[in-house]
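Before any comments, here is the structure.
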Amino acid sequence: MADVRRWTRQLDDKRSRRIVFLSHCLLNENTRYLGGACRPGAVRELVQACLDSGLGIVQMPCPEEHAWGGVLKRRLLWFFGSKGRLRYWLRNVLLPVLLWYTRRVYGKIARQVADQVADYQSSGFTVVGIVGVDGSPSCGVRRTIDMKRSLELVGQLPPTADAGDMNTIIRACLAEGSGIFLELLRKEIERRGLGVPFLAHDLIAELQGSAAPLPL
Ligand code: SF4
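In this note's numbering, each residue carries its 1-based index in the sequence shown increased by 31.
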């Protein structure tokens, strides 16, 4: 331990020792639901604000990518436009199974992210915040999506549906509360007494072409 302290002091450099954790798609919108990417890649103004503040950026894993079938979330696409088929009528039976599996996968990722936060803190770094995405069923901080309603509506998507139709569904299914991943991550952070603030990027504002700056 004394060696760590000595070398850290002796090899002092330009690192700011201030870190922010961002939801994956804030740096890479290629993992967003189909129709939900407003940018080719990163949310530039948010990333720029972090860079201007001298923050190191940790990109959290996209939980839906891991639980719902890769970057295109293929397990969910199975329900799209399914009205009239057996799987549409079975959706309310399948949803609890999907949610059970989702919580298992997300719980593991939440523990890994909390491990990383704890490592930064115990190494003398400040984690200034964890930024989620309001309006996401996984990463929402204050606003999530009603999954039952959204499965019903995506099942009714016509063959001609476009990104606008998909985002109309997202707006119609907004609900108060945290997304599943952020809920589990917050519990893990609180259980360990890590004391990191949670902040939200607003997906709906982004879809409308504006996004309020975060207090970073
Ligand atoms: S909001 Fe979360 S789950 Fe949705 S694309 Fe972004 S990182 Fe993935």
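Think of the CB as a built atom: it goes at the ideal place given N, C-alpha and C, for glycine as much as any other residue.
Inter-residue Cα distance where the pair is residue i and residue j
i	j	result
residue 188	residue 171	24 Å
residue 118	residue 109	8 Å
residue 169	residue 178	10 Å
residue 146	residue 152	10 Å
residue 39	residue 127	49 Å
residue 121	residue 135	22 Å
residue 158	residue 245	15 Å
Beta-carbon spacing of residue i, residue j below 8 Å
i	j	result
residue 176	residue 166	yes
residue 242	residue 66	no
residue 278	residue 247	Any answer about residue 278 is impossible in this case: the structure gives the chain only from 32 up to 247.
residue 62	residue 102	yes
Proximity winner among the options, relative to residue i (alpha-carbon distances)
i	options	result
residue 50	88, 213, 123	88
residue 232	218, 204, 163, 179	163
residue 192	138, 113, 123	113
residue 99	68, 64, 58, 141	64
residue 213	93, 149, 200, 111	93
The ligand MG heavy atom lying under 7 Å from the CB of residue i
i	result
residue 93	Among the ligands in the structure shown, the ligand MG does not appear; only the ligand SF4 can be found there.
Neighbour flag for residue i against chain D, beta carbons, 8 Å
i	result
residue 50	Protein chains in the displayed structure number just one, and chain D is not present.
Buried or exposed by the 16-neighbour rule on C-beta atoms within 10 Å, applied to residue i
i	result
residue 240	exposed
residue 32	exposed
residue 42	exposed
residue 124	exposed
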